[in-house]
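Have a look at the structure below, then the notes.
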Ligand SMILES: Nc1ncnc2c1ncn2[C@@H]1O[C@H](COP(=O)(O)OP(=O)(O)OP(=O)(O)O)[C@@H](O)[C@H]1O
């Protein structure tokens, strides 16, 4: 580990990374005190450096020592830098750690861990720091973490399935768009914070997260989607000795800070909360967010480190809360599990001090059962104690301070990692100086700009393609219209031709008709004339004339002969004459 000194951007303090003093401190559990910012501050307390003093009337003053005290004006960033940042480096180096927030209801535990978009807490800052320090992670995981801590390599289908788990949660989050907005607001706030850039990276680097709550002494997976009306399944604890795990707990593979943050928010929406007389949004459960980092050169040779952020439910005096029904049951479950925690820590402390040698009652509560390793000092644990300095909370605050003083005495083994030869645990970190931060921000901005340009380029390409298609379609449309026009014109022309031909024919027929009518009239005239002549001659020579039938025969013979002659002249068209046509006009059928 680099021996360099770090400087937080918002304070003039320097934090030693691995100086001998910090190593000395790490032998005991780190216990921090955060005093809630509120209007009324009791005169019963005074603070001097890392000592908090309670002035009890009629009694001597009680002093409580802490690793560090964060006064009311301390910022979220200050607290993150002073408590967790170094743990995150150790986490990247392969070490496990647990941070617990402890305090009475409404004292600011959730605010310290989660915070708000404008004042992000320790977890969002840790997510941001972690992903900023790591290289870009692969789209798909190569290995999977089983709940019992085993690691198995994944085939292509399984990789896709794991990736889809995260996608389905993010899809569900679309109804909660404010979280995406909250994250970008937070990103802006956090963008000026220093990040560590690690030197040597392993081919396998994966981040997995899980979130669960212990509510009324039952464990529930908060990342397990449940349909409306369905009960969230209760999970069981497995494992042997002090190595405990939660059976069937979901671990989600996340690739970016945004993904991790969204998954966290998705789970927090499922957390049991209720309004109490002390806190409008009181957490009624212990809630644990876990991040696991898998690193290795190949699937058979990986190391997993784990970091827990544990937001404990607030202790509450039943007399003060006036709780009843469900709230009362929750309160007594919370208080009894915190009581077991206190007893366990006291016994661990006493056995470490050789005062007694009894086995702490870890199995009496789910919380202590799961965190047995950390509570016995075998893993790194640190405690954030939150207090509300108002006078009306004095009794609760006094209890909290007594617990913290015991916890502060617990020793932790800072054991080196066993068999941890998979990668270099003493990586070099480059703590980003102000210049480097600016450099990195510029690099990120350039990268972002490059990505935006690429997207714009693709957009333009697509736009051009669409324009081309539209042009093609309109050209084809035009061609089709022209073709239809041409065909219509040809049809009209042909039609006109036929009509013209027919009109000519009609004209011819009309003429022929007229001619025939003329012939008919002439014949009638002739007939009449012959009739007149024949009647005249019969009058004159009645005897010498043959009978009427002969004369009829003569005239009809004459008519037929003449008609045949004329029809022979017009034989081709006479067939079509309509002799019944009243006005003598010929019409088309
Ligand atoms: N340091 C602080 N600065 C500003 N607001 C704070 C601070 N600490 C807590 N608060 C506010 O006080 C209220 C209660 O805080 P929070 O919910 O974090 O308490 P809690 O200890 O988690 O309570 P519970 O155990 O009931 O869940 C919240 O509205 C929170 O925003």
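In the UniProt record's numbering, the protein residues as written are 1 to 589. Glycine included, each C-beta is placed from N, C-alpha and C at the ideal position.
Using only the alpha-carbon positions, how far apart do residue i and residue j sit?
{"i": "residue 103", "j": "residue 75", "result": "19 angstroms"}
{"i": "residue 100", "j": "residue 107", "result": "14 angstroms"}
{"i": "residue 368", "j": "residue 186", "result": "33 angstroms"}
{"i": "residue 303", "j": "residue 43", "result": "51 angstroms"}
{"i": "residue 529", "j": "residue 517", "result": "18 angstroms"}
{"i": "residue 61", "j": "residue 55", "result": "5 angstroms"}
{"i": "residue 397", "j": "residue 47", "result": "14 angstroms"}
{"i": "residue 183", "j": "residue 448", "result": "17 angstroms"}
{"i": "residue 212", "j": "residue 455", "result": "39 angstroms"}
{"i": "residue 266", "j": "residue 469", "result": "43 angstroms"}
{"i": "residue 247", "j": "residue 305", "result": "19 angstroms"}
{"i": "residue 137", "j": "residue 162", "result": "14 angstroms"}
{"i": "residue 471", "j": "residue 490", "result": "28 angstroms"}
{"i": "residue 225", "j": "residue 478", "result": "55 angstroms"}
{"i": "residue 418", "j": "residue 363", "result": "Only weak support is given to the placement of residue 418: the predicted model assigns it a pLDDT of 44, under 50, and the value that follows is read from those uncertain coordinates. The alpha-carbon atoms of residue 418 and residue 363 are separated by roughly 27 angstroms."}
{"i": "residue 35", "j": "residue 223", "result": "32 angstroms"}
{"i": "residue 234", "j": "residue 262", "result": "24 angstroms"}
Mapping DSSP to helix, strand and coil, what is residue i?
{"i": "residue 359", "result": "coil"}
{"i": "residue 227", "result": "coil"}
{"i": "residue 28", "result": "strand"}
{"i": "residue 492", "result": "helix"}
{"i": "residue 269", "result": "helix"}
{"i": "residue 124", "result": "helix"}
{"i": "residue 335", "result": "helix"}
{"i": "residue 405", "result": "helix"}
{"i": "residue 297", "result": "strand"}
{"i": "residue 58", "result": "coil"}
{"i": "residue 503", "result": "helix"}
{"i": "residue 314", "result": "coil"}
{"i": "residue 303", "result": "strand"}
{"i": "residue 480", "result": "helix"}
{"i": "residue 43", "result": "coil"}
{"i": "residue 130", "result": "helix"}
{"i": "residue 234", "result": "strand"}
{"i": "residue 116", "result": "coil"}
{"i": "residue 508", "result": "helix"}
{"i": "residue 257", "result": "helix"}
{"i": "residue 344", "result": "helix"}
{"i": "residue 527", "result": "helix"}
{"i": "residue 33", "result": "strand"}
For residue i, I'd like the list of residues in its chain whose CB is within less than 7 angstroms of its CB, leaving aside the five on either flank, ordered along the chain.
{"i": "residue 405", "result": "64"}
{"i": "residue 119", "result": "76"}
{"i": "residue 411", "result": "27, 28, 352, 377"}
Is residue i close to chain B? Criterion is C-beta to C-beta, closer than 9 angstroms.
{"i": "residue 348", "result": "In the structure shown, chain B cannot be found, because there is only a single protein chain."}
Report yes if the CB atom of residue i is closer than 9 angstroms to the CB atom of residue j, and no otherwise.
{"i": "residue 51", "j": "residue 70", "result": "no"}
{"i": "residue 112", "j": "residue 79", "result": "yes"}
{"i": "residue 293", "j": "residue 131", "result": "no"}
{"i": "residue 379", "j": "residue 98", "result": "yes"}
{"i": "residue 238", "j": "residue 147", "result": "yes"}
{"i": "residue 347", "j": "residue 361", "result": "yes"}
{"i": "residue 268", "j": "residue 201", "result": "no"}
{"i": "residue 31", "j": "residue 407", "result": "yes"}
{"i": "residue 286", "j": "residue 381", "result": "no"}
Should residue i be counted as a contact of ligand 3 given a C-beta to heavy atom distance under 8 angstroms?
{"i": "residue 37", "result": "Within the structure as shown, ligand 3 is missing, the only ligands being ligand 1."}
Identify, in the order they occur along the chain, each residue of the same chain with its Cβ nearer than 6 angstroms to the Cβ of residue i, setting aside the five sequence neighbours on each side.
{"i": "residue 370", "result": "244"}
{"i": "residue 401", "result": "64"}
{"i": "residue 403", "result": "342"}
Where do the N-terminal and C-terminal ends of the alpha helix (DSSP H) with residue i fall, by residue?
{"i": "residue 168", "result": "156-172"}
{"i": "residue 78", "result": "76-83"}
{"i": "residue 211", "result": "Where residue 211 is concerned, there is no enclosing alpha helix (DSSP H), although the beta strand (DSSP E) it sits in stretches over 204-215."}
Over the uninterrupted beta strand (DSSP E) stretch that includes residue i, give me the two end residues.
{"i": "residue 62", "result": "62-65"}
{"i": "residue 656", "result": "Shown here, the chain extends from 1 to 589; a query on residue 656 therefore has no answer."}
{"i": "residue 109", "result": "That residue, residue 109, is in no beta strand (DSSP E); its alpha helix (DSSP H) goes 109-113."}
{"i": "residue 393", "result": "Run containing residue 393: none; DSSP gives neither H nor E here."}
{"i": "residue 144", "result": "143-145"}
{"i": "residue 367", "result": "Counting along the chain, residue 367 falls outside any beta strand (DSSP E), though it belongs to the alpha helix (DSSP H) covering 366-370."}
{"i": "residue 201", "result": "Careful: residue 201 lies outside any beta strand (DSSP E) and carries neither H nor E."}
{"i": "residue 99", "result": "97-103"}
{"i": "residue 243", "result": "243-246"}
{"i": "residue 69", "result": "68-70"}
{"i": "residue 153", "result": "151-153"}
{"i": "residue 254", "result": "252-254"}
I'd like the list of long-range same chain contacts for residue i, defined as Cβ closer than 8 angstroms, with 5 residues on each side in sequence excluded.
{"i": "residue 142", "result": "153, 154, 159, 204, 206, 299"}
{"i": "residue 357", "result": "351"}
{"i": "residue 593", "result": "Residue numbering for the chain in the displayed model covers 1 to 589; residue 593 lies beyond these limits and cannot be assessed."}
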